[in-house]
Structure formats: structure tokens, C-alpha cells
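All residue numbers for the sequence shown refer to UniProt numbering, where the first residue is 1 and numbers rise by one. All C-beta atoms in this analysis are idealised placements derived from N, C-alpha and C, irrespective of residue type, glycine included.
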Amino acid sequence: MKESSEAPDPITLSLHLLSTLLDSEIPTVQNLKGKWSLARVKLTELQTHLTDFSSEFPNASTTNPLSLHLLHSISQTLNDAVSLSQHCQSPNPPNGKLKTQSDLDSLLASLHRHVTDCDILFRSGLLLENAAVPTSSKREALRSASRNLITRLQIGSPESKASAMDSLLGLLHEDDKNVTIAVAQGVVPVLVRLLDSSSADTKEKTVAAISRVSTVDSGKNVLLAEGLFLLNHLLRVLDSGSGFAIEKACVALQALSFTKENARAIGSRGGISSLLEICQAGTPGSQASAAAVLRNLAAFSETKDNFVEENAVVVLLGLASSGTASARENSIGCLSNLVSNDEGLGITVVKEGGVEILKSFWDSAPPVMSLEVAVNMLRHLGSNGPICEVLVGEGFVNRLVAVLNCEVLAVRVAAARAVHALGMNSGKARKEMGECGCVVALIKMLDGKGVEEKEAGAMALSVMMMHASNRRVFRKDERGVVSAVHLLNPSLQGLDKKYPVALLALLVHSKSCRKQMVAAGACVHMHKLVEMDVPGSKKLLECLGRGKIWGVFARP
1 MKESSEAPDP ITLSLHLLST LLDSEIPTVQ NLKGKWSLAR VKLTELQTHL TDFSSEFPNA
61 STTNPLSLHL LHSISQTLND AVSLSQHCQS PNPPNGKLKT QSDLDSLLAS LHRHVTDCDI
121 LFRSGLLLEN AAVPTSSKRE ALRSASRNLI TRLQIGSPES KASAMDSLLG LLHEDDKNVT
181 IAVAQGVVPV LVRLLDSSSA DTKEKTVAAI SRVSTVDSGK NVLLAEGLFL LNHLLRVLDS
241 GSGFAIEKAC VALQALSFTK ENARAIGSRG GISSLLEICQ AGTPGSQASA AAVLRNLAAF
301 SETKDNFVEE NAVVVLLGLA SSGTASAREN SIGCLSNLVS NDEGLGITVV KEGGVEILKS
361 FWDSAPPVMS LEVAVNMLRH LGSNGPICEV LVGEGFVNRL VAVLNCEVLA VRVAAARAVH
421 ALGMNSGKAR KEMGECGCVV ALIKMLDGKG VEEKEAGAMA LSVMMMHASN RRVFRKDERG
481 VVSAVHLLNP SLQGLDKKYP VALLALLVHS KSCRKQMVAA GACVHMHKLV EMDVPGSKKL
541 LECLGRGKIW GVFARP
């Protein structure tokens, strides 16, 4: 049997249906004329889009799956519109006036969506790719795939959007480069708008996608640019989302909580209370992520009152005692930020068992990098004289000196600063740290690769040299004085010169040390430091000068 002739393509069919509606059907309706006037406006817009579609992208209906799906959906809607318009030809519609009005409202919504979808599809650039030669570049293929998915997230049925979201999540999790490409193609604003979705499943997956974007540097600034709209949506997830969504929202909030403005906003909107509740009753993963957000927030003085009001110290110590390794680390990091420059909170931490919890975390053999938060907390607590004596009595000196020789720069620097804090507040600490080999490790840091390490070493030694036995150890090391003098050089930028000056001032009364300083060029540097008004530089220069004069009159 001979096949029937081919059906018209979707554009031709839709344009025919539009012509029928606009020219013959709508002018003769008897019912709901006001709403049909609104429909005429939308149909006219749609007709313009489809005419442009036909002239500019004649092959799109057969070569682009996305446009083909949209065009079929439009033709179906227009078929329904013709049928509905015929029902309205009679003063008494066969399905009743209320049902007909409801159907017409639904039609208006569909037409509006189709007009919007056409706009989005035209702007996406995907239709222009149909005529292009297939690219051999993997990067360009990923760009095209990203644009396709981003467009699909904005047009079509909820089922189509859900399928696109699943595909996008797969793409984002394959590689960080995919995230960077998707961000460059504009995925973030689309995801943020989807947070208004009424579908709980879509919202949950959207939060997961935003969470993934937040883990890549290229995505963080783009997320920050979304401002309070994104922040408010994520905070609402903390209160009403599933365990999975809460964990993903916390991951995203980590990237957003580094700025003072966002930290203040999270605190003022009850975010700290919600995060502390998660720390108490959330899943292990969400507890760790919530504590990480709190750790960021605690770095800002503007949020400290919120933490105090919520009795955060007790909650955080509980998690630091019994949470996962990551949760414990983030809790101690948060507590460290809270007790910084706050003796009252430091005392509260000690009274609530914080010293034992800190010791337990330290002795649980975490990765060396994770010890940075513990060392910083030790430093902040040790800045209080009475607490410092407690810490020395609890054996933290041995623990601290042990990490001065570790391979992780950030931990070494933190340890040297903790040595300075303990040494400033306790002569016993200075003596014990010296006996544990602290001085030799700190001298080594004076020759460190980075300015930060050099400064931290000089900072700690400027306190350690207050003890006589530590000065003897320093003088025996042939590198010590020369390395310290090199730090005086004004051309070494970014290093606070008051620390090497203070260190050398405690050694200058030793004849051998003074000779070493002069031979290493200290006087030349000191003249410049005096001009720069570095604290202690004038007195040190005078001591070096007197040493020269005494040398002239020395007996043969």
C-alpha cells in the first residue's frame, strides 16, 4: 500500500493553526471575550517568533532536538486552543462556564510559557550551532553541552527540566573544568531562579548543583554576586530541607560566609541558631559542614553576640568531643576563632572542659594539616596568663614543640606564633619549651622560604631569648645571629622588623654575638631601620656602636 504524504513540519502546522485562531476562531467567540483578547496578544507574539524561526532557522525543527520538542509542544497547545475557542462560540459552553474559564487560564499560562521558551531558545545560541561544522574541540563540545542543558533547565515541561538537572549534575561532578565551563555559560543565575521551584525534588537537586559550583574557585565569586536572594533560599533549606539538602546547603554557605556582609546577614536571619541545631541533631555529614560555616562566621566580631546568645560554646565542644574527624576539626576551628581576643569566652571554654577536648583531638593523630586549628586554639587560650599555666601543666609544651618540625608550613607558622603567646605569659613555658628543643627548630625557621615563616620564627625567638638557658643554646648555633641579621634588611618586604630587632637586642650584650652582628652587616641595616622608626632599633644601634668603641680601647 502506498504511504500517505508526509505530515507538515511543526512550524508550518503551528503557523496554520495560529492563522486559524487569529483570523476566524477568536473573532467569533461569544464567551470570555476579555480573556480571549489576552490570548490574542500572546498568540500574536508567538506567531512573530515562529515566523522568525521559519526564516532564520529553517532546519531547526528537524536538526535540533530541543527546538523540535518545543515546536511539537506549541502545536499541541494550539490544537487545544482551537478546540477551546470552538467551545466558546456558544453563549453556553458545553463543559460549563467555570470549567471553560479554568481551561482558558491554563491555555494563557501555556502560551506565556511558549513565548518565554522561544525567547530563551533564540538567545541561547543553540539554533546557530545547527549549521556549524561539528567541532573537534573537547572544550567546545562541553560548552555546547552546557548551553544545551542550561537552556533545557529553562524551557519545556517539569519532567524535561528534571531530566536536564540530572544530566547537569552528572556533568558537574565529572570534572572541575566542567564546572568552570558551565559557570562561564551562565548556569548560576539559572540555578538560583530554580530555587523558587515548587517541586521539592527539583529544589533539592538545584541546591546540590549550587553546592558543587561552590567547591570550585571560579564559581564562588559568581555565587557571591547573587547576594541575599541566594543566601535567604539556602537559609530556608537549613530549616525545612531534607538531610541531603541541608548538607549541600551548608557546603554552599561555606563559600558565601567569607564576607563580612554575608556573615552579618546570616547572623541576623537566625542562621547561627539553625547551624547549631544541625551540629546537635544533623547527619554526620551535615554536622561537619554546618561547623565549617560556623567556623567562617566566628571569624567576624559582628557575629560574636549571636554565638553567645545561642550558648554556642557548649554545642561546639560537644561536637568537638564526639563528631566525625572533620566535624571535630571544624568545631575546634570555630572555637579558636571565638576565643581569639576574648578572655571571657576563653575562660568559658576551659570551664566547660575545653582543655581536655583539645588534648583528645590533638592526641587522636589527625592529619598534620588538621592540627593547625588546634595549635591556633592553644595560642588564643595561652594568651591568658592563668589559662597559659594550665596548658603548660597539661603537657601542651611537648605537643607544641613536636609540630615545629613538621612538613606543613601553615602548621609550623601557627606553632611558632603559639610559642610566642605561651612564652609571653609564662616563664615556666619559656624554660620548658627551650628544654624540649624549641630554639633550634625556631632558628631553622629564620631561614625559611617564605616571609611568613621567617617572621613567625623571629617572633617566637624574641620571647624565648628572655630565658638565659635559651640564649646559651642560640649562641651555640652558628646560623642563629647571621640569620637574624639578614631579616633586618629593609629590602626584605612584608616582615615586621621589630621582631628580629627585639631578638638581637636580647643577645647584643654578648661580646661574641655583637661581633657576629657587626660582621654580618647589622649596623648598615640598623641605620635604615632607625630612619624607619622601627621600635627598639635606635637602642640596638647604640649598643652595637658602643661595642665598636670598646673594641678600640681593648688591651692588647
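Any idea what DSSP makes of S85, helix, strand or coil? Counting from 1 along the sequence shown, the entry for residue 85 is found at position 85. Residue state, collapsed to three classes: helix.
Pair within 9 Å by beta-carbon distance, L488 and A519: Residue mapping note: residue 488 aligns to position 488 of the sequence shown, counting from 1. Residue mapping note: residue 519 aligns to position 519 of the sequence shown, counting from 1. Contact: no.
For I387 versus V419, is the C-beta spacing smaller than 9 Å? Position 387 of the sequence shown, counting from 1, holds the residue named residue 387. Position 419 of the sequence shown, counting from 1, holds the residue named residue 419. Result no, Cβ atoms of I387 and V419 do not sit closer than 9 Å.
For V534, does the three-state DSSP call read helix, strand or coil? Translated into the one-based positions of the sequence shown, residue 534 becomes position 534. DSSP places V534 in coil when its eight states are reduced to three.
Which whole runs of the alpha helix (DSSP H) in the region 291-368 are 4 residues long or more, in chain order? Complete alpha helix (DSSP H) runs here, min 4: 304-309, 312-322, 325-339, 343-351 and 354-363.
Closest residue to H233 among E247, V192 and S211 (Cα-Cα distance): Residue numbering aside, residue 233 sits at position 233 when the sequence shown is read from its first letter. Nearest option by C-alpha distance: V192.
How should E369 be labelled, buried or exposed, when 16 other C-beta atoms within 10 angstroms of its C-beta is the threshold for buried? The residue given as residue 369 occupies position 369 in the sequence shown. At residue 369 the sequence reads Met, which differs from the Glu that was named. Exposed, because fewer than 16 other Cβ atoms sit within 10 Å of the Cβ of M369.
So, for S286: in the same chain, excluding its five sequence neighbours on each side, which residues have a beta-carbon less than 7 Å away from its beta-carbon? Within the sequence shown, the letter at position 286 stands for residue 286. Hits under 7 Å: G243, I246, E247, C250 and I278.
Quick one: any contact between the region 329-344 and the region 292-299, if contact means 3 or more CB pairs under 8 Å? By the Cβ test, the region 329-344 is in contact with the region 292-299, since at least three Cβ pairs between them sit closer than 8 Å.
So what's E261 in DSSP terms, helix, strand or just coil? Translated into the one-based positions of the sequence shown, residue 261 becomes position 261. Three-state DSSP puts E261 in a helix.
Could you check which residue in G170, A429, D496 and G395 has the C-alpha nearest to that of K454? Within the sequence shown, residue 454 is the residue found at index 454, counting from 1. Its Cα nearest to that of K454, the residue D496 stands out among G170, A429, D496 and G395.
Give me the Cβ distance between C88 and L32, rounded to the nearest whole Å; I'm assuming they're in contact under 8 Å. Here residue 88 refers to the residue found at position 88 of the sequence shown. Here residue 32 refers to the residue found at position 32 of the sequence shown. Rounded, the Cβ-Cβ distance is 6 Å, consistent with contact.
Which residue wins for smallest C-alpha separation from N341, given the options E352, F361, N376 and H525? Looking up residue 341 in the sequence shown gives position 341. Residue nearest to N341 within the set E352, F361, N376 and H525 is N376 (criterion: CA-CA distance).
Mark G241 as exposed unless 16 or more other C-beta atoms lie within 10 angstroms of its C-beta, in which case mark it buried. Residue 241 sits at position 241 when you count from the first residue of the sequence shown. G241 sits buried, since 16 or more C-beta atoms from the chains shown fall within 10 Å of its C-beta.
How many Å lie between L111 and F122 at the Cα? Within the sequence shown, numbered from 1, the residue matching residue 111 stands at position 111. Within the sequence shown, numbered from 1, the residue matching residue 122 stands at position 122. Cα-Cα distance, rounded: 17 Å.
When we look at the beta-carbon of Q254 and count the other beta-carbons within 10 Å, is it buried (16 or more) or exposed? Counted from its first residue, the sequence shown places residue 254 at position 254. The residue in question, Q254, is buried, as its Cβ has 16 or more Cβ neighbours within 10 Å.
How do the region 505-512 and the region 535-542 stand: do at least 3 beta-carbon pairs fall below 8 Å, yes or no? Flag = yes, the region 505-512 and the region 535-542 touch.
For my contact list, L188 and E226 are in at a C-beta cut-off of 8 Å; report their separation, rounded to the angstrom. Within the sequence shown, numbered from 1, the residue matching residue 188 stands at position 188. Within the sequence shown, numbered from 1, the residue matching residue 226 stands at position 226. The sequence shown places Val at residue 188, not Leu. Going by Cβ atoms, the distance from V188 to E226 rounds to 7 Å, so yes, they are a contact pair.
Taking 7 Å as the limit between beta carbons, can you name the residues of its chain near A131, skipping five residues before and five after? Here the question's residue 131 lines up with position 131 in the sequence shown. With a pLDDT of 47 at A131, under the threshold of 50, the modelled position of that residue is not reliable, and no figure is offered here.
Are the CB atoms of M517 and V485 nearer to each other than 9 Å? Within the sequence shown, numbered from 1, the residue matching residue 517 stands at position 517. Within the sequence shown, numbered from 1, the residue matching residue 485 stands at position 485. The answer is yes: Cβ separation under 9 Å.
Give the range of the alpha helix (DSSP H) segment to which P94 is assigned. On the sequence shown, position 94 is the one that residue 94 refers to. Counting along the chain, P94 falls outside any alpha helix (DSSP H), and DSSP gives it neither H nor E.
Quick check on the DSSP output: the alpha helix (DSSP H) that includes M466 runs from which residue to which? Walking along the sequence shown from the start, residue 466 turns up at place 466. Segment: none, M466 is in no alpha helix (DSSP H) and carries neither H nor E.
Grouping DSSP H, G and I as helix and E and B as strand, with all else coil, what is C523? Your numbering for residue 523 matches position 523 in the sequence shown. Of the three classes helix, strand and coil, the one that applies to C523 here is helix, per DSSP.
Going along the chain, which residues of its own chain have a beta-carbon closer than 7 Å to the beta-carbon of L540, five neighbours each way excluded? Counting from one through the sequence shown, the residue named residue 540 turns up at place 540. Closer than 7 Å at the Cβ level, and outside the excluded window around L540, lie V501, L504, A505, V508 and M526.
Just mark H114 as buried or exposed, buried being the case when its beta carbon has 16 or more other beta carbons within 10 Å. Reading the sequence shown from its first residue, position 114 is the one you call residue 114. H114 counts as buried, since no fewer than 16 other beta carbons sit within 10 angstroms of its beta carbon.
Coarse secondary structure for E277, derived from DSSP in three states: Mapped onto the sequence shown, residue 277 falls at position 277. Note: E277 maps to helix in three-state DSSP.
Suppose contacts are defined by Cβ-Cβ distances below 9 Å. Is S214 in contact with A252 by that definition? Translated into positions along the sequence shown, residue 214 becomes position 214. Translated into positions along the sequence shown, residue 252 becomes position 252. Closer than 9 Å, so yes.
Put S383 into one of helix, strand or coil per three-state DSSP. In the sequence shown, the residue the question calls residue 383 occupies position 383. Here S383 sits in coil by DSSP.
Simplified DSSP assignment, three categories, for K161: Numbered from 1 along the sequence shown, position 161 holds the residue referred to as residue 161. Of the three classes helix, strand and coil, the one that applies to K161 here is helix, per DSSP.
What's the C-alpha gap between L317 and A299? Along the sequence shown, one-based indexing puts residue 317 at 317. Along the sequence shown, one-based indexing puts residue 299 at 299. Spanning the alpha carbons of L317 and A299 requires a straight line of approximately 17 Å.
Checking 9 Å against the spacing of the C-beta atoms, do K177 and L142 come in under that value? Start at 1 with the first residue of the sequence shown, and residue 177 comes out as number 177. Start at 1 with the first residue of the sequence shown, and residue 142 comes out as number 142. Yes, these two residues count as a Cβ contact at 9 Å.
Select from Q280, L223 and I11 the residue whose C-alpha is nearest the C-alpha of T259. Taking the first residue of the sequence shown as 1, we reach residue 259 at position 259. Scanning Q280, L223 and I11 for the CA closest to the CA of T259 turns up L223.
Helix, strand or coil for I155, going by three-state DSSP, please let me know. Counting from one through the sequence shown, the residue named residue 155 turns up at place 155. I155 falls in the coil class under three-state DSSP.
What does a CB cutoff of less than 6 Å around P91 pick up in its chain, not counting 5 residues either side in sequence? Position 91 of the sequence shown, counted from the first residue, corresponds to residue 91. Answer for P91: Q30, listed in chain order.
I150: which of S137, K138, L171 and A468 sits nearest, CA to CA? Here residue 150 is taken as the residue at index 150 of the sequence shown, counted from 1. Considering only S137, K138, L171 and A468, the residue with the shortest C-alpha distance to I150 is L171.
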